[in-house]
Amino acid sequence: MNNQIKSIQVFGSDCPSCKKLHELTKEAISELNLDIDVEYISDIQKIIDLGLLSAPILMINDKVITAGELPRVEEIKEFINAYNN
1 MNNQIKSIQV FGSDCPSCKK LHELTKEAIS ELNLDIDVEY ISDIQKIIDL
51 GLLSAPILMI NDKVITAGEL PRVEEIKEFI NAYNN
């Protein structure tokens with residue numbers, strides 16, 4: 001597979017929704033049989049530096065994909081596939 005994803009990050013404040021997005025994103029990666037680490041970042045200053053105040057935040061290749069919402073696994077897989085095609 002031509003893997004164009006360099007990084008996947010979940011930013012959050014350790015709230016239940018933030019942790020859930022991290023777990024769902026790892027599940028999506030697993031279901032797609034990809035070998036990509038999903039980094040969880042809880043540094044509030046980094047979130048502020050992004051200019052975003054709504055967590056959780058999903059980023060792929062340093063681009064914000066979602067902020068302030070909890071997408072389903074199928075939606076996360078669609079986001080990931082968009083970068084791998």
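Residue numbering for the sequence shown follows my numbering, starting at 1 and increasing by one per position. For every residue, glycine included, the Cβ atom is placed at its ideal position computed from N, Cα and C. Just so you know, these numbers come straight off a predicted model, no measurement behind them.
Inter-segment contact for the segment 34-42 and the segment 63-72 is absent: fewer than three beta-carbon pairs are separated by less than 8 Å. Only exposed fits A82, as fewer than 16 other CB atoms lie within 10 angstroms of its CB. Check the Cα spacing between I44 and each of I65, D14 and E78: the tightest is with D14. The shortest C-alpha to C-alpha distance from E39 to any of I48, I76 and V10 is the one to V10. Shown here, A67 sits in a strand according to DSSP, grouped into three states.
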